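Position one of the sequence shown corresponds to residue 9 (the numbering used here), numbered consecutively onward. One structure below.
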Amino acid sequence: MQNVFSEAPREAAVLHLQGADAERFAHAQFASDVRALPLQRWQWSAWLDVQGRVRVLLQLARIADTRFLALLRGGDAHALAAALGRFLLRDKLQLTAQRMRLLPGAALAMNEAQLQEHSITLGMDTHSWMLCDVQAESAPAPGITEDAPRANVWLHELRAGWPWLPDAALDALLPPALGLEHLGAVRFDKGCYPGQEIAARLHFRGGNKRELVRLRGAAQAIEELLRATPEALQVLLMHRDRANDSVEMLGVLNTSSAAASAYAALIVARYPA
């Protein structure tokens with residue numbers, strides 16, 4: 009089996025952007041409309057390279073007028089801070105990478121961001137993600153769940169088509185391959201940002217040959233298929249149901265591969281639908 013996310017991470021890579029130029033800098037670098045993000049809300053976002061490939065997928069929250077928090081859905085926050093830091097000139101902005109505990113919590117309205125003393129909670133509708141200071145010794149807040157409920161939360165995100173990106177998927181895929189347009193993580197009406205020209209060309213002219221799909225089938229059959237056709241499908245998320253020995257996966261299908269048709273009977277959803 010490929011190196012994939014098979015369960016929700018227990019630690020999160022987080023980047024803090026703070027300073028008078030935080031909004032301007034984030035809006036110029038990230039693919040989402042950062043200026044439209046209200047206080048105590050979060051949005052899907054991404055940072056692209058100049059070829060339009062997704063370097064990181066983010067949940068970007070506005071904590072204050074001059075303070076943002078970005079939860080990386082895969083990747084390393086220190087590497088991101090260093091890479092973004094190369095674009096700082098005289099900007100009044102501090103970039104700080106941090107490792108935080110990641111806990112699944114109770115239902116909270118989609119895109120809501122709640123700030124507490126040692127944590128921040130991001131609403132995902134049917135559940136939430138609570139980011140806690142690793143050094144904080146306070147007990148988990150009410151509504152925090154673990155273990156079995158964690159698996160349920162993971163399966164919900166997989167079925168919603170919300171990717172987490174394993175290392176092999178970083179710097180490798182264009183936004184349409186990850187369904188980022190339907191999430192609002194990529195916008196074409198906000199001015200320039202790295203990779204915009206190529207992303208916009210794919211959006212308006214077509215030509216994308218990869219799509220985000222959800223698949224389900226018998227575990228052994230899927231594992232054999234992945235070994236035989238590694239070029240056809242890149243798995244991002246996986247959930248294994250040991251009760252019936254089945255596997256459900258979120259992955260990127262290479263539609264130009266001759267082996268892509270072998271997965272047709274296993275596909276249960278496409279993103280966007």
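For glycine and all other residues, C-beta sits at the position ideal for the given N, C-alpha and C. On a predicted model such as this, the values are computed, not experimentally measured, just so you know.
Beta carbon of Ala268 nearer than 7 Å to that of Leu261
yes
Going by the CB atoms, is the gap between Met118 and Asp141 shorter than 7 Å?
no
Round the Cβ separation of Pro172 and Gly82 to the nearest angstrom and send it over; I've been treating them as touching at under 8 Å.
Checking the displayed sequence, the identity of residue 172 turns out to be Trp instead of Pro. That pair is a contact at about 5 Å.
8 Å CB neighbourhood of Gly199 in its chain, flanking five on each side removed:
His35, Ala36
Excluding the 5 residues preceding and the 5 following Ala21 in the sequence, name in chain order all residues of the same chain whose CB lies nearer than 7 Å to its CB.
Leu80, Gly83, Asp84, Ala85, Arg107
Give me the DSSP bridge partner(s) of Arg61.
DSSP output for Arg61 lists no bridge partner at all.
Taking buried to mean at least 16 other C-beta atoms within 10 Å of its own C-beta, is Phe38 buried or exposed?
buried
Report the option in Arg224, Ala185, Gly203, Thr237 whose CA atom is closest to the CA atom of Lys217.
Ala185
How would you write the range of the alpha helix (DSSP H) that Arg235 sits in, first residue to last?
227–236
On a Cα-Cα basis, can you pick out the residue from Ala176, Gly113, Arg278, His24 that is closest to Ala105?
His24
Give the single residue among Ile230, Leu96, His164, Asp29 whose Cα lies nearest to the Cα of Ala240.
Ile230
Compare the Cα-Cα distances from Gln283 to each of Gln204, Leu245, Asp253 and report the closest residue.
Examination of residue 283 is not possible in this model, given that the chain is present from 9 through 281 alone.
Run through the DSSP bridge pairs and tell me what Asn216 is partnered with.
Partner(s): none; Asn216 has no beta bridge.
Where the beta strand (DSSP E) containing Glu256 begins and where it ends:
254–262
Does DSSP classify His135 as helix, strand or coil?
coil
Host alpha helix (DSSP H) of Gly83 (start-end)
Where Gly83 is concerned, there is no enclosing alpha helix (DSSP H), given that its DSSP letter is neither H nor E.
Just mark Gly215 as buried or exposed, buried being the case when its beta carbon has 16 or more other beta carbons within 10 Å.
exposed
Residues in the same chain with beta-carbon distance under 8 Å from Arg158, minus the five sequence neighbours each way, listed in chain order, please.
Glu15, Ala16, Pro112
Which residue from Ala226, Asp29, Leu244 puts its Cα closest to that of Asp99?
Asp29
Counting pairs of Cβ atoms below 8 Å between the region 44–61 and the region 193–209, do you hit three or more?
yes
Note the first and the last residue of the continuous beta strand (DSSP E) segment covering Ala277.
275–279
Around the Cβ of Phe76, are there at least 16 other Cβ atoms within 10 angstroms (buried) or fewer (exposed)?
buried
Classify Ala266 as buried or exposed, calling it buried when 16 or more other Cβ atoms lie within 10 Å of its own Cβ.
exposed
Indicate the three-state DSSP secondary structure (helix, strand or coil) for Val22 in the structure shown.
strand
What separation, rounded to the nearest whole angstrom, lies between the Cα atoms of Tyr279 and Glu219?
7 Å
Determine, using beta carbons only, whether Leu245 and Val62 come nearer to each other than 7 Å.
no
On the CB-based measure, 16 or more other CB atoms within 10 Å of its CB, does Glu125 come out buried or exposed?
exposed
Could you please give the first and the last residue of the uninterrupted beta strand (DSSP E) stretch that includes Ala34?
Segment 30–37 is the alpha helix (DSSP H) holding Ala34; no beta strand (DSSP E) there.
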